[in-house]
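In order, the protein sequences belong to chains L and E. For what it's worth, this note's numbering labels the leading residue of the first sequence as 1, then goes sequentially. For what it's worth, this note's numbering labels the leading residue of the second sequence as 1001, then goes sequentially. Glycine residues also receive a C-beta, built at the ideal position from the N, C-alpha and C atoms. Here the structure comes first, spelled out in structure tokens, and everything after it is commentary.
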Amino acid sequence: AQSVTQLGSHVSVSEGALVLLRCNYSSSVPPYLFWYVQYPNQGLQLLLKYTTGATLVKGINGFEAEFKKSETSFHLTKPSAHMSDAAEYFCAVSDRVDSSYKLIFGSGTRLLVRP
Amino acid sequence: NAGVTQTPKFRILKIGQSMTLQCTQDMNHNYMYWYRQDPGMGLKLIYYSVGAGITDKGEVPNGYNVSRSTTEDFPLRLELAAPSQTSVYFCASSLGLAGFNEQFFGPGTRLTVL
């Protein structure tokens, strides 16, 4: 079964600094990969996803992530943090369970943006 | 479109009480899910449904029940509430399989069992 590891439960950056949120998954078989964002008191919403093809995926709000098969990683980046980026970010990977596919979520990384 | 709506937003239960968390989606999605979110633990799948009349267990189904009589509604029933069920509950829906398609989430229900 797949597992997802997000390094760092909290990441703090200054406004305008690079954002790097790390995600590693366990399977050697390339899965579908997702990043979701959760703003305070809201449900999750999709930032971006990787299915096949180009390994650099662009999402909403200036975020992007790169699928690296050799490192089993799917790290999320943004060149310049904005105060509105403060939220919790979840990496998720598809996994075949019995006869269906499910999403397996990481434990989340809370991004704090300092003025 | 309202997307995915959940009621109530907050609820406090006493040990042993029962309640139903409501979830409705207006996107005509076949797939619907219930997750619980505990601090520092990410989301765990409780139950899911691939269409009206079809439900199946997820990772943490014990203590919960679901039904899916219509495409739009997917209520989650808690019987005999326990403190371990204190959590934030999210309902989600998707057009196709969760592993390949975007899931749309409701705003959540924060449940406390005392």
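E:Thr-1055: member of the beta strand (DSSP E) spanning 1054 to 1057, first to last residue. With at least 16 other beta carbons inside 10 angstroms of its own, E:Arg-1068 counts as buried.
In this model, E:Gly-1003 and E:Pro-1039 are separated by some 25 Å (Cα to Cα). Residue-level contact by beta carbon fails for L:Gln-2 and chain E, as no gap is shorter than 7 Å. Beta bridge pairing from DSSP links L:Glu-64 with L:Lys-58 and L:Thr-77. Separation of L:Met-83 and L:Leu-21 (C-alpha to C-alpha, rounded to the nearest whole angstrom) is 16 Å.
Under the Cβ criterion of 7 Å, L:Lys-102 is counted among the residues facing chain E. According to the DSSP secondary-structure assignment, L:Thr-109 is paired through a beta bridge with L:Tyr-89. Around the beta carbon of L:Lys-49, a 10 Å sphere encloses 16 or more other beta carbons of the protein chains shown; the residue is thus reported as buried. Each residue's CA atom was taken as its position, placing L:Phe-74 and E:Tyr-1033 some 25 Å apart. The beta carbon of E:Val-1088 lies closer than 6 Å to those of Gln-1037, Gly-1108 and Arg-1110 in the same chain, with the five residues before and after it left out. Close to L:Asp-85, with beta-carbon spacing below 8 Å, lies no residue of chain E; the smallest spacing is near 19 Å. In this structure, the straight-line span from the alpha carbon of L:Thr-52 to that of E:Phe-1100 is close to 11 Å. Taking the C-beta atoms as reference points, L:Gly-106 is found no nearer than 7 Å to L:Val-11.
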